[in-house]
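See structure below.
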């Protein structure tokens, strides 16, 4: 009821000490198609469901290369994500130019999170409407990392995670298996990612070489994107078990699809 | 009902994580007269229905030359489109001046989409009220591309697409035939474009050399515009089958016509 | 009903994808006294009804010289029109100074339309409340053109047109006769303009040498203004047939007259 | 009724295409005490009713010298008028400094009208609340001119005019006699001005040497102000006939008097 | 009733052509304690009632020195008055520095009035909430002047005036006697000022050497302030006759007292 | 009732000529714990009740050193007071640097009051929510002064004063005894301050060496702070008589305590 | 009820003299997981409950190193805290660069509190939504200090304190034992911190080496963080006594958890 008067301006606190506009922006992440991430000691793998606007269009890119050592998966507003990716690529270039080396993912992610935070404290911009999974290799410690951002400006490091529509099923899968991840090979990680993703496909659909995609970065592995034909061998290894118990709270809003990925 | 309080400011999220003002802007695209685009391996063709304000006026231009290698079709507010075209032509000139070559369409379209995105995140400007189909030839890969933008800042690559009033019928036509497009000749593509367009003409009207127009760019084909007398030979090849089942949700709003094309 | 919440800010889209403030601004054009324009191959003629604020005042100027080769007729807020005319004259001077030649009307009109468009996208200014008919001669192609602008930023090229209060009757006249215009002489065009204008005079009034005025530009004809005594010979050639079927939707709002012309 | 939502912001159009805030500002002119202006071929005369705040105060100045060749009469907010007069005097000085001659009144009035127009298009300032009658001599054509401005930015040239409270009676007088003005002598014009002014005095009052004032500029006549004792000879020539049929719509609002002149 | 929607923003006109926020600001002047001013040919005298916040505080200064030749009395918000006084002192210094002479009071008052006017036309500042009586000697004409400002930006020259709470009684006194002022001596003027002031004291109080104060400037008289013991001789000459018929419309608002003087 | 529409913006006048937001800010002063000030000819003493947030925290500082010759006591928002103190210390340093001497308290207080006034006239900042008692020694006249500021920008000089919660009792005490202050010794002043303060302690509490504090500046006395053990000897001289008749209008708002001192 | 109109803008005072938006921001601190701080003469210890977003994520950092001699614990919005920490680290670097020594914590905390205060006085930013406990060693006096900030800009020095959800139980524990802290050893302090923290764990949970963390700075002790395995020895010394009487007013809001730590 009285919620209303505190939820239309990002700089207004509700009486309970909450920023409702920021929470609404976080809802937009739940409407993007699912994206998963997981890592072993040597590799970091992202997987995403590409949505096709129509039969006639190419599938939307959901996994983006930031740099040789960093990849990004998105759930939410594609246009916001693209603008953030442009910012990140620029930072990577600047760092390389100044220091002659790849930017440590932790440094870039901290700057990115601050960029998010600022949109939650001033009234001139709205909070970003996108959640990111970022895979990166630290150039100094030679270690793999998986980060997750959210519109509030919060930043988490994960062993494995999933965001977007119907991602609860993927998180459940990852929680069951994540203890085996650190020692997994690259190919095993990819199959885990696809298996998790398979549970996020909406009711009438299926995970295929067309709508699935995988990105990998690793200690001695520059960014690669695995799609279409290259993806098929991995898909053949899946034991598909359709997820029938979709989490009700995360049902996809079809109306909003036009702006989401 | 409660929708109201979240839908008058572009920087305000609705509780469901949607930006309603952006969605309203997308409605304006559905009110412009139809525009179709399709491509073969060698050519990219745009077709549009020109609307005439009165018997006494020339028809409104719906297909614009951006550069030798790029053409643009519009559905929505003409004034917004014209201002975007001016921006794009300028970028083409700048790129040629700096690099001595045509700008790759993918680069320009990404900048254009970011320009759209910015209007959805700050409160000083409204989102653009126009959708674009852009045909272009990549100067480096010598390949043809068809892009579609929308007011949200989303950017899609298509094999074939149609936007604007009654464009559903055109999309249905294109989906039926698009598998034959890659190998089609320029003339075949033009006939396909006109056939698709014919289904978008409103009830009392017909596709004629006066209201139809075609633009072509290709690997070895600089921008050409085919109108009036030059269009007649292609129209003669059409097997007109009027589309009687107009999609109700896309019925044209006559009130708003004054601002649209 | 719910229209209300979307129609007080020019940067707010209505749920149907319309900009209601822009449409309201277009209403102001319908309240200005009528203005007509038509062209042959060699001449472009504008005609306007001057409104007199009182017996004691001079009639308001409705036709303005922009440059030797360009004339402007207005319907709507005079103050807005005067500020636009100042802008246009300045552009003409700048162009002459830089290029040593008259500005092509198409270039100036495109810039002018963009100036209109900008007022519809930012919240700091209101849309202009005036419609213009601009007659011009292209210095390079030596051809005559008639343009019409509207507060939305749309720009049309016309063979003949009429705007302002009771202009429907003039448009009907022009549509009946426009096929004969291209080959008409200057004097014939002037008589056509006056004949069209005669139908736009309000009920109790008449077209006279006092309230009528004509402007001409042409291939070998610099701007001339024909008023008062010079106008009488042309008026004598008219076969006045008062227009009794005024279009109801365009009846003049007397309340707003103070700000209009 | 619904008028309300469109009439509190100067940049908002009403659905009928009107700017209500500008029209409200024009109301303030009707509340100032009356001011008349008229001209012969050789002289331009302004007359005004001075309002006295109290017995103890000097009468408020209603006629101001702008330059040797220009005079200004005001009806409405004195504070706004004073700030405009300062602007005009400055422009006169600048013109003299740059060109070595008096500024042509038409040039200054056009700039002044644009200054008015700008306040009607942006939301940072309110429209001016004052109407002006400006008398001036054109230094090049050596001709006399009478201009009237209004808060909308409109500018009129008049043979004779009257603004302010109860000015309808003065306008009626001027319309009856204006045909004799062009050939009138300076003294005849002054008597006409006073006669017109006499009809604008409110019910319980009378035109006297204390509340009347006259300003004259002319071809060979620099600005002079005729007040108090100098005015008496002219007053003696009047045939006073009190105006008993005050126009109801213009009755003076006593509440607002404190801010008006 | 409907007044409400036009009276919260200083840049909004009411339908009757009034600026209600400016009128409200003028109310604040009526709540300050009274201040009177009067002048002879040689002297200008200001008198004011000082209000004491408590027994423990010094009385508030109501008469301020601007320069040797100028004094100021205030009614309304003291804080606003102090900030205006600082501005005026600065202008006096600047003028002396540039021209080597005292600033003519008319020049300073005109600038001050414009400073007031600006706060009534833009929305960034509120109108000042103070009325001033300013006494000054013109350095060129060697003449005495009494000015009164008001929040609207209006400026009046007075022979004698009174502002603030219960000042009607003082004005009545001054009107009765002002014809004798021009020839009065300094001491006579002071007694007149105190006599006028005596009628403005609130019911339970009395004019004493503690709450009364007098400032004088004159042709050969630099600013002097007469208070406390020096005031007693003048008070002894008064024939006190308490004013029992307080004007109801000016009764003092006790609530607002904290901010007023 | 209708109060509401004028009381949420500091730049809006109420119809009675009041600035309600400024008056509300003055309420915050009444909620801070009490602060008293008094002066003899040679000393100026401030006393304050320190509030302890919890047993575990140090008591909040209520008396601050501005410079050797100036002390400040606060009631209201501590954070606002701290920011003002920083400004004042800076001004003291600047003055010393430029003039080589202590800043006269009257000069600094006038600047400080203007700083308050500005927050009441523009909408970008809120009025300060703190009242100050400032004790200072004038370096030129070698005299002691006690000033009191308030959020409205008003500035008072006092012989003795008390502000904050339950300060009415202290003011009553001071009024009874202030005639003896001018000749009192430093120790006598301190005891008077404590005695006044004792009446401001809330019901269940008592004035102790923990919650009381005293600051002294004087002609030959640089700033000293007397707290805890040093305070005990003075407390021992008090004849405590608890104030049981708290003034109802000043009862402490416990809710707001977190932000106050 | 009427609260509503004063609580959506940080620059608006309520009629009671409160800033409700600032108070709402303080609510957000109560929703962060608990954080405790305490100090002996030689050491300052912070303890915090880390919240894990999921099994798959690392725990959120609640204790941050500012510099060798300063540590920070947070309760509230992590994103706000991170941005403040970045500011503080920068100030530490600047101070070291300029003065060659560690910044005194009191100096930095005062600047930080002013940074908070500014967000409560202008409308462009919202108040910060985080409370901080900052432990620091003064480089000049070689003394340990514990500070607590709050969104209002208030700053407290504490012997021991606890903030965040269910922190009342910790405060009760600290109040019981704080008299023994000054002489405690580092290890004793750590055990006290953990004992206090144990009472703040929510109902179904327990203090473990995974969710607990301790930071220490001291006179001769640079910043150390004690977590996971290093924490176990200290946990083994605890006598866990679950806190069953959670303070109702501080029950955790689960809804808001996503943005909090």
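Residue numbers (UniProt numbering), protein chains in the order written: chain A, 1 to 261; chain B, 1 to 261; chain C, 1 to 261; chain D, 1 to 261; chain E, 1 to 261; chain F, 1 to 261; chain G, 1 to 261. Glycine is no exception: its CB is placed at the ideal position from the N, C-alpha and C atoms.
- Contact annotation: in the stretch 55-74 of chain F, residues whose CB is within less than 8 Å of a CB in chain G are 55, 56, 57, 58 and 60.
- Residue environment for residue 148(C): buried (at least 16 other C-beta atoms within 10 angstroms of its C-beta).
- Taking the C-beta atoms as reference points, residue 76(D) is found nearer than 8 Å to residue 28(D).
- The Cβ atoms of residue 70(F) and residue 134(F) lie closer than 8 Å to each other.
- Between the alpha carbons of residue 54(D) and residue 74(D) lies a distance of about 20 Å.
- For residue 192(G) against residue 49(G), the beta-carbon gap comes to about 15 Å, at or over 8 Å, which does not count as contact.
- Secondary-structure assignment with DSSP links residue 214(F) through a beta bridge to 47(F) and 226(F).
- Close partners of residue 24(F) in chain G (Cβ separation under 9 Å): 6, 12, 13, 14, 15, 16, 17 and 18.
- Assigned with DSSP and collapsed to three states, residue 111(A) falls in helix.
- Distances from the CA of residue 187(C) to each of 217(C), 125(C) and 63(C) were compared; the closest alpha carbon is that of 217(C).
- Per DSSP, the beta-bridge partners of residue 138(F) are 143(F).
- By the 16-neighbour rule on beta-carbons within 10 angstroms, residue 182(D) is exposed.
- With a threshold of 8 Å between beta carbons, residue 82(D) makes contact with chain E.
- Assigned with DSSP and collapsed to three states, residue 103(D) falls in coil, not helix or strand.
- Comparing alpha carbon positions, the residue from 88(B), 92(B), 61(B) and 108(B) closest to residue 78(B) is 61(B).
- Interface annotation for the stretch 75-105 of chain D against chain E: 76, 77, 78, 79, 80, 82, 83 and 86, criterion Cβ-Cβ distance under 9 Å.
- Comparing alpha carbon positions, the residue from 88(D), 226(D), 26(D) and 6(D) closest to residue 190(D) is 226(D).
- In this structure residue 199(E) touches residue 170(E) by the C-beta definition: roughly 6 Å separates them, less than 8 Å.
- Shown here, residue 202(C) sits in coil according to DSSP, grouped into three states, outside any helix or strand.
- For residue 150(A), the three-state secondary structure derived from DSSP is coil.
- Closest option to residue 123(C), judged by alpha-carbon separation, among 22(C), 221(C) and 40(C): 22(C).
- Between residue 102(E) and residue 219(E) a beta carbon distance of about 12 Å is seen, past the 8 Å cut, so the two are scored as non-contacting.
- Under the Cβ criterion of 8 Å, residue 171(E) is not counted among the residues facing chain F.
- The DSSP-derived three-state label of residue 128(D) is coil.
- Secondary structure at residue 121(F): coil, using DSSP grouped into helix, strand and coil.
- Scanning chain B for C-beta atoms nearer than 8 Å to the C-beta of residue 30(A) yields 17, reported in chain order.
- Residues are counted here when their Cβ sits less than 8 Å from a Cβ of chain B; for the stretch 151-177 of chain C these are 152, 153, 154, 155, 156, 157, 158, 159, 160, 161, 171, 174 and 175, given in chain order.
- The beta carbon of residue 21(A) sits closer than 8 Å to some beta carbon of chain B.
- Per the coordinates, the alpha-carbon of residue 20(C) lies some 16 Å from the alpha-carbon of residue 9(D).
- According to DSSP, residue pairing for residue 35(F) in a beta bridge involves 48(F) and 163(F).
- Of the residues 13(C), 43(C) and 15(C), the one whose Cα lies closest to the Cα of residue 146(C) is 43(C).
- Counting along the chain, the unbroken alpha helix (DSSP H) around residue 235(E) starts and ends at 232-236.
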